[in-house]
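>
Numbering (the working numbering), first residue to last: 12 to 175.
#1: Excluding the five sequence neighbours on either side, which residues of its own chain have a C-beta within less than 8 Å of the C-beta of residue 136, listed in chain order?
#2: Return the chain-ordered list of same chain residues with a C-beta closer than 7 Å to the C-beta of residue 164, the five sequence neighbours on each side being excluded.
#3: So for residue 106, helix, strand or coil by DSSP?
#4: Would you report the Cα separation of residue 26 and residue 68, rounded to the nearest angstrom?
#5: Give every residue of the same chain whose Cβ lies closer than 6 Å to the Cβ of residue 174, excluding the five residues on either side of it in the sequence, and list them in chain order.
#6: I believe residue 48 touches residue 83 by the beta-carbon criterion, under 8 Å. Please report the beta-carbon distance rounded to the nearest angstrom.
#7: What residue range does the beta strand (DSSP E) around residue 135 cover?
#8: Grab me the residues of residue 87's own chain with a C-beta within less than 7 Å of its C-beta, minus the 5 sequence neighbours each way, in chain order.
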């Protein structure tokens, strides 16, 4: 990790960042469709998938698979992408491509697993202007601060949002 990775920074142009993420999503999703077990769900999640959400400019993709296909999907993703920084569990694994433009994160989840929440969180923010304003305020407050501080605040916000 270089020093800049330790600081949370918002993208200077959120509309451009969203357009870049959408373009990469179209390309990556086509690759993933060919790579993953039939029936895998591939979704654009994260800030660039939420209208008017501030973003640091990366692309987050969620891959949902049936629990019995998790190992197969994990091996397939590991053949193309590096492991992400998140802890691996029996129903969650993360992958990344930091050389992609924008940087790419892939979250593999087993359907019904404990971390099968990315779509729900995205949809809650897309449906609630008040929650989105609060999330954007959190992001503005942490712009230029340590990434760990931002992630901790973000995790608390996600937990609270998913309780609604």
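In this text, a Cβ means the ideal position worked out from N, Cα and C, and glycines have one as well.
So, from the data block:
#1: Position 125 of the chain shown, counted from the start, is the residue given in the question as residue 136. Hits under 8 Å: 61, 64, 142, 143, 146, 172.
#2: Taking the first residue of the chain shown as position 1, residue 164 is located at position 153. Correct list, in chain order: 149, 153.
#3: Counted from its first residue, the chain shown places residue 106 at position 95. The three-state reading of DSSP puts residue 106 in strand, counting E and B together.
#4: Here residue 26 refers to the residue found at position 15 of the chain shown. Here residue 68 refers to the residue found at position 57 of the chain shown. Looking at the two C-alpha atoms, the distance is approximately 10 Å.
#5: The residue labelled residue 174 in the question sits at position 163 within the chain shown. Cβ-Cβ distances below 6 Å link residue 174 to nothing in the same chain once the five nearest sequence neighbours on each side are left out.
#6: Here residue 48 corresponds to residue number 37 of the chain shown, with the count starting at 1. Here residue 83 corresponds to residue number 72 of the chain shown, with the count starting at 1. Going by Cβ atoms, the distance from residue 48 to residue 83 rounds to 5 Å, so yes, they are a contact pair.
#7: As a working mapping, residue 135 is identified with position 124 in the chain shown. From DSSP, residue 135 is part of no beta strand (DSSP E) but of the alpha helix (DSSP H) over 129-138.
#8: Locating residue 87 in the chain shown gives position 76, counting from the first residue. If we look at residue 87 and ignore the five residues flanking it on each side, its Cβ neighbours are 46, 47.
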